[in-house]
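Chains as they are written, first to last, in the working numbering: chain W, 113 to 507; chain A, 15 to 321.
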């Protein structure tokens, strides 16, 4: 009996020692991560976005604008910045974003993160970034619950420079009611948070305006929508289809035509891709307008086009320029506070919220809301796809 | 009534593709008693080969050859490519394990499945590929056809259903009316006895992989003409093909055809009359029900062991 108790005690002591030994390196990493960094050294900003996979088009657009922003703004802020990139294909779920978050948290020279680009990746990693005091500023994560509601999915270290679905859903629905004069709308969600949130927001607005709403739901893995299309009534004017795969919006629209339905597809920002969703007459909303409409952007766009002669101006890239601008501005302020050093990456987080940008790339002046880490006065823009496949701003 | 006709058409289109995939499972299982879980990924590779061939022939918007020839060439390219892939899989992943415990080739099959999916993702990216059949012949495939009541039966669906049935009939004739078909049936019945009768078992097995994989390649093209494909699509479609094979009776060729159609109709009618949320649940509930109450499927024979 005594022997058994002794053995148990030895086991407990051994377990405690082992746990301490395991904990030590972690504490060291954490301390290392908080070591002061000289602002004269090369600092890193990480871009976390899907560079491959179905959403690769948006990641690559964001990368081109992030590179351009770093190149253009280094002199303005007197910083030496190196942009590092992390790929988070949407098909692989949150795992790549989580692995990247660990990597960037452990690298003390990473002083800010641009992204994650998708809401799911933000929800999966925000706590990790928060614990390390690392600001993460997304140019495209729009899920409402990231920053609003009783249980927020993101932390105080998360910021976004575009409006959330709390704006997108109602503004899309408002357009349908006021401009398209709809009386019957079919809303489809894909049983995942992005589309369900957006569909719910649009549905409650439409119902409040007396529009008949037929709600359908399908798996995100669905590829053949024909039976769903069969259920679309012939007198429905719009099918609100907030997918994150623009090819699916295209397929759905084609299958509507195939079955002789008159309804038009209305996609959210996730289907905003002129290369892939190009069915004439369809609608798509996005958080960014056509930035060439602002005269002060002329030189900026010309510079970007010089660097990216084969790329066309679209919606996902420009907010990334804005996010980098906010991040570099906050880094500069943190350097000033620390007298040439970033003593703690939390200093960058503290300064993000104070940033005000005149002549914001997306129009007007930019500042954060005082209540949340969302932009103040953000809005969504609605485009209609033309017969040549181009997107025309209609709302 | 229109809804019923439309859903029947949807089920027939989907079911034809499932049936072609199920045939591949059944052919290999019938001869090797192996569940080839890489088969869904062979289907995926077929859809990618078809996409490559389509681009090589000028793409959907500006094809260099007439529409009918384009479709034939794209399908043939996928069938030949997948047949070669099937032979390679058999040679390197299954043949070395032919006398190993049954779990070994099963694990190997899963390994091949992941290998194929992630290799394609690495080589071609994870983005979806769209054949853009809408642009072929300026929408001919979607807008021409005939009407049943108020329901349009577009040319594309006719092509998919007819092509699938022609391939199934050809397979049926090959298995029942030719010498190699007889050898396949003999091997399926008793591999050892067939070998003793002078049948080249290796050749028969390779031929089964060639046939099954070629059918998967054709299914990949027929599927991708209506929906975008991606590197990871093989798993779920393969699982549905497997379910169809189990429903029909794995190892049975008519069973695979019937199972595919039953599954296609079940999916279409559930989506149309109940809810799209329930369709996958129902599909796999059918699988479980068959495993519990009729494991030999509709056309299969129960395993009787001499005790």
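Backbone N, C-alpha and C fix where the C-beta goes; we use that ideal spot for every residue, glycine too.
Simplified DSSP state of residue i, which is helix, strand or coil
i	result
residue 448 of chain W	helix
residue 90 of chain A	helix
residue 5 of chain A	Residue coverage of chain A in this structure runs from 15 to 321, which leaves residue 5 of chain A outside it and unanswerable.
residue 150 of chain W	strand
residue 503 of chain W	strand
residue 16 of chain A	helix
residue 166 of chain A	strand
residue 308 of chain A	coil
residue 156 of chain A	helix
residue 224 of chain A	helix
residue 511 of chain W	Chain W is shown from 113 up to 507; residue 511 of chain W falls before or after that span and cannot be answered.
residue 303 of chain A	helix
residue 344 of chain W	coil
residue 212 of chain W	helix
residue 47 of chain A	coil
residue 352 of chain W	strand
residue 22 of chain A	helix
residue 159 of chain W	strand
residue 195 of chain W	strand
residue 241 of chain A	coil
residue 224 of chain W	strand
residue 217 of chain A	helix
6 Å Cβ shell around residue i - same chain, five flanking residues per side excluded
i	result
residue 139 of chain W	With a pLDDT of 38 at residue 139 of chain W, under the threshold of 50, the modelled position of that residue is not reliable, and no figure is offered here.
residue 133 of chain W	Here the model assigns residue 133 of chain W a pLDDT of 42, short of 50, so the residue's position is not dependable, and the following value carries that caveat. Nothing meets the Cβ criterion.
residue 92 of chain A	60, 63, 64, 231, 234, 235
residue 252 of chain A	53, 54
residue 158 of chain A	169
residue 479 of chain W	468, 488
residue 51 of chain A	123, 124, 127
residue 392 of chain W	497, 499
residue 117 of chain W	Annotation note: pLDDT 43 at residue 117 of chain W (below 50); position unreliable, coordinate value reported separately. Nothing meets the Cβ criterion.
Selected residue, minimal CA-CA separation from residue i, among the options
i	options	result
residue 483 of chain W	W:466, W:494, W:493	W:466
residue 248 of chain A	A:19, A:31, A:149	A:31
residue 217 of chain W	W:158, W:254, W:164, W:179	W:158
residue 268 of chain W	W:245, W:251, W:253	W:245
residue 202 of chain W	W:180, W:228, W:215	W:228
residue 474 of chain W	W:425, W:421, W:168, W:496	W:425
residue 271 of chain W	W:165, W:470, W:253, W:359	W:253
residue 161 of chain A	A:19, A:306, A:175, A:308	A:19
residue 293 of chain A	W:392, W:332, W:399, W:410	W:332
residue 284 of chain W	W:214, W:350, W:502	W:350
residue 344 of chain W	W:357, W:335, W:329, W:383	W:329
residue 456 of chain W	W:219, W:372, W:179	W:219
residue 297 of chain A	A:271, A:256, A:309	A:256
residue 242 of chain A	W:297, W:364, W:505, W:340	W:364
residue 288 of chain W	W:318, W:208, W:342, W:194	W:318
residue 422 of chain W	W:486, W:264, W:176, W:315	W:176
7 Å Cβ shell around residue i - same chain, five flanking residues per side excluded
i	result
residue 261 of chain A	273, 276, 277, 300, 304, 311, 312
Close-in-space but distant-in-sequence residues of the same chain around residue i (CB under 8 Å, 5 per side omitted)
i	result
residue 314 of chain A	262, 263, 264, 265, 266, 269
residue 309 of chain W	255, 256, 257, 277, 281
residue 122 of chain A	107, 108, 111
residue 311 of chain W	281, 299, 300, 301, 327, 352, 354
residue 67 of chain A	87, 88, 91, 92
residue 15 of chain A	163
The ligand ADP heavy atom lying under 7 Å from the CB of residue i
i	result
residue 237 of chain W	Inclusion of the ligand ADP in the displayed structure is not the case, the ligand content being empty and no account of it being possible.
Handout entry: Any alpha helix (DSSP H) of 4 or more consecutive residues that is wholly inside the stretch 258-332 of chain W
Key = 277-290, 305-320
Exercise for the section: For the stretch 227-253 of chain W, list the beta strand (DSSP E) runs that are entirely contained and at least 3 residues long, ordered along the chain. Expected result: 247-250
Exercise for the section: Kindly confirm or deny that the stretch 123-137 of chain A and the stretch 73-84 of chain A touch, where touching means at least three C-beta pairs closer than 8 Å. Expected result: no
Practice task
Answer yes if the stretch 238-247 of chain A comes into contact with the stretch 282-295 of chain A, meaning at least three C-beta pairs across the two stretches below 8 Å, and no otherwise.
Solution key: no
Handout entry: Inside the stretch 356-401 of chain W only - beta strand (DSSP E) runs reaching at least 3 residues
Key = 376-379, 395-398
Exercise for the section: Give a yes or no on contact between the stretch 98-107 of chain A and the stretch 212-228 of chain A, applying the rule of three or more CB pairs nearer than 8 Å. Expected result: Yes: the two stretches touch, three or more of their Cβ pairs being nearer than 8 Å.
Handout entry: Cβ contact check for the stretch 276-290 of chain W and the stretch 246-258 of chain W: 3 or more pairs under 8 Å
Key = yes
Practice task
Give, in chain order, every unbroken run of the alpha helix (DSSP H) that is at least 4 residues long and sits entirely within the stretch 418-498 of chain W.
Solution key: Taken in chain order, the complete alpha helix (DSSP H) segments of 4 residues or longer contained in the stretch 418-498 of chain W are 430-449, 458-464.
Exercise for the section: Evaluate contact between the stretch 167-186 of chain W and the stretch 415-433 of chain W, counting only Cβ atoms and requiring at least three cross-stretch pairs below 8 Å. Expected result: yes
Problem - Meets three-Cβ-pair contact criterion under 8 Å: the stretch 219-228 of chain W and the stretch 147-165 of chain W - result: Enough Cβ pairs lie closer than 8 Å, so yes.
Handout entry: Contact the stretch 31-42 of chain A vs the stretch 435-446 of chain W: 3+ CB pairs below 8 Å
Key = no
Practice task
Spell out a yes or no on whether the stretch 189-198 of chain W and the stretch 441-448 of chain W are touching, meaning 3 or more CB-CB pairs, one atom from each, closer than 8 Å.
Solution key: yes
Practice task
Mind the definition here: the stretch 404-415 of chain W touches the stretch 372-380 of chain W only if three or more C-beta pairs lie below 8 Å; say whether that holds.
Solution key: no
Exercise for the section: Could you tell me whether the stretch 234-242 of chain W touches the stretch 172-179 of chain W, using the rule of 3 or more Cβ pairs below 8 Å? Expected result: no
Practice task
Say whether the stretch 488-498 of chain W touches the stretch 389-396 of chain W, bearing in mind that this needs 3 or more beta-carbon pairs closer than 8 Å, one atom from each stretch.
Solution key: yes
Problem - Contained alpha helix (DSSP H) runs [length at least 4] in the stretch 78-137 of chain A, N- to C-terminal order - result: 81-103
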